[in-house]
Amino acid sequence: MPLPQMERPAELMVWHGAQAAPGPREVRRFPTLRAALAAAASADDPDALPWIVTEDGDVLSPHWIDGHAPRRATRWVRLSS
1 MPLPQMERPA ELMVWHGAQA APGPREVRRF PTLRAALAAA ASADDPDALP
51 WIVTEDGDVL SPHWIDGHAP RRATRWVRLS S
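First residue of the sequence shown? That's 1 in full-length UniProt numbering, and the numbers climb one at a time after it.
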């Protein structure tokens, strides 16, 4: 029986503000999507932009992460006035 998506491996990539163009500054592989979400939510850098790539190749944006992380960290969502 296949594992549910939240229990499958995922990779967290974090870009940092103005330095986003050259590529992610941080890339970490986690044993589960749940663990990658928790790590993304616990980042202390307000300019960090986390993206997650699942084992199936789905790309989860900072906005998706904000809505699904263990604690709702609205700092990932950039709102324009």
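For every residue, glycine included, the Cβ atom is placed at its ideal position computed from N, Cα and C.
Asked, Found
"With C-beta atoms as the reference, is residue 8 less than 8 angstroms away from residue 37?", "no"
"Rounded to the nearest angstrom, what separates residue 17 and residue 25 at their Cα positions?", "10 angstroms"
"At a threshold of 7 angstroms, does residue 25 count as lining the ligand ADP (C-beta to nearest heavy atom)?", "What this structure holds is no ligand at all, so the ligand ADP is not there to describe."
"Terminal residues of the continuous beta strand (DSSP E) containing residue 12?", "10-16"
"Put residue 50 into one of helix, strand or coil per three-state DSSP.", "strand"
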